[in-house]
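Below you'll find the structure, written out as structure tokens, and then a few comments.
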Amino acid sequence: MDDPLPQMLRSDARDNRDRVLAAARRLFSERGLGVPMREIARGAEVGPATLYRRFPTKQALVDAAFTDELRACSGIVRDGCADPDPWRGLSTIVRDITELNATNQGFVDAFVSSYPGAVDFTAHRAGMLRALTGLWRRAQQAGALRPDTVVDDLILMIMAGRGLPPDPPALRVAAARRFAALILDSLRASPTTGALPPPARVAHHASTSS
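Take 1 as the starting number for the sequence shown in full-length UniProt numbering and just add one per residue.
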């Protein structure tokens, strides 16, 4: 007969890991990546030793906590870039990413590298920025996007979105949708828009600062 004890131990380990990830996602989402590991352990109702056994570094916990968000973000960019209408594709990306990021402060922190250990985001960031740059140029060539804008402006807006109200969730989503509409209105090509100051190369900073 199979010994039930190892199966119970494996089940307990899975439960502990799931609780740690749930607590990390919640706390990172609410407060960003500065939450101490011990506080995450308390939120998961496990001891610090259990947390560090599953996730020996904060970087490992960040990577595991945001796997789903990173996949969703990559899918949004991929689908928007595949749209034959570059302005429509860019508009979809702006709306969807703004709303996605409004619900998860920690993911935005990791994506723009304000947490220095989030090195596993580097390759994903670089790939998404390359795709966005191509879409950006197509939208400009189509005459839909302001010619004096650069893809760094979108990263700047994502960073600015970190200031959206954190609570309650319904207000956060409503604010994100309003913010996305304002972003798109500012990016749309128009003969009446004034000149912009020189661009801030935040995309390069985001891709290298980790």
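Where is the CB? At the ideal position from N, CA and C, for every residue including glycine. Fair warning: this is a prediction, and the values are worked out from it, not measured in the lab.
Practice item. Just grab the DSSP bridge partners of arginine 188 for me. Key: Per DSSP, the beta-bridge partners of arginine 188 are Leu145.
Point to revise | For aspartate 12, the three-state DSSP class (helix, strand or coil) | key: Secondary structure of aspartate 12 (DSSP, three-state): helix.
**Study point:** Rounded straight-line distance, which links the Cα of valine 77 to that of alanine 65
**Key:** Approximately 20 angstroms between the Cα atoms of the pair.
Check your understanding: What residue does the alpha helix (DSSP H) around valine 150 start on, and which one ends it?
Key -> The continuous stretches of alpha helix (DSSP H) do not include valine 150, and DSSP gives it neither H nor E.
Practice item. For the alpha helix (DSSP H) containing aspartate 79, list its first residue and its last residue. Key: From DSSP, the alpha helix (DSSP H) with aspartate 79 extends over 67-82.
Review point. Can you name the start and end residues of the alpha helix (DSSP H) that alanine 102 belongs to?
Key: Taken as a continuous stretch (DSSP letters only), the alpha helix (DSSP H) holding alanine 102 covers 86-102.
Review point. Closest to arginine 19 by CA distance: which of Arg188, Arg201, Asp153, Ala44 is it?
Key: Measuring from the Cα of arginine 19, the nearest candidate turns out to be Ala44.
Review point. In the structure shown, what three-state DSSP assignment does arginine 28 receive?
Key: Looking at the sequence provided, one finds phenylalanine at residue 28 rather than arginine. Three-state DSSP puts phenylalanine 28 in a helix.
Review point. Among residues of its own chain, excluding the 5 on either side of proline 48, which ones have a beta-carbon nearer than 8 angstroms to its beta-carbon?
Key: Closer than 8 angstroms at the Cβ level, and outside the excluded window around proline 48, lie Met37, Arg38, Ala41.
Review point. Taking C-beta to C-beta, are arginine 172 and threonine 98 nearer than 8 angstroms?
Key: No, the pair does not count as a contact, with Cβ atoms beyond the cut-off.
Review point. In this structure, does DSSP put phenylalanine 179 in helix, strand or coil?
Key: In the three-state reduction of the DSSP assignment, phenylalanine 179 falls in the helix class, which pools H, G and I.
Check your understanding: In angstroms, rounded to a whole number, what distance separates the CA positions of arginine 138 and proline 197?
Key -> So the alpha carbons of these two residues sit roughly 22 angstroms apart.
Point to revise | Buried/exposed call for glutamate 69, threshold 16 Cβ in 10 Å | key: Answer is buried; the Cβ neighbour count reaches 16.
Review point. So which of Asp153, Leu61, Gly143 has the shortest CA-CA distance to leucine 132?
Key: Ranking the options by Cα distance to leucine 132, first place goes to Asp153.
Review point. With burial defined as no fewer than 16 other Cβ atoms inside 10 Å of the residue's Cβ, what is the status of leucine 182: buried or exposed?
Key: By the neighbour-count rule (16 or more Cβ atoms within 10 Å), leucine 182 is not buried but exposed.
Check your understanding: Within this structure, are the beta carbons of aspartate 83 and glycine 89 separated by less than 8 angstroms?
Key -> Closer than 8 angstroms, so yes.
Point to revise | Exposure label - alanine 13; buried when at least 16 CB within 10 Å | key: Under the 10 Å beta carbon count, alanine 13 is surrounded by fewer than 16 other beta carbons and is classified as exposed.
Review point. Helix, strand or coil: how does DSSP classify glycine 107 here?
Key: The sequence given here places phenylalanine at residue 107; glycine does not occur at that position. If DSSP states are grouped into helix, strand and coil, phenylalanine 107 belongs with the helices.
Practice item. Below 8 angstroms on the Cβ atoms is my guess for valine 151 versus leucine 129; work out the distance and round it to an integer in Å. Key: Confirmed, Cβ separation roughly 7 angstroms.
Point to revise | Residue of Gln59, Arg53, Ser186 minimising C-alpha distance to residue 213 | key: Examination of residue 213 is not possible in this model, given that the chain is present from 1 through 210 alone.
Review point. For residue 227 versus threonine 50, is the C-beta spacing smaller than 8 angstroms?
Key: As shown, the chain starts at 1 and ends at 210. That puts residue 227 outside it, with no answer to give.
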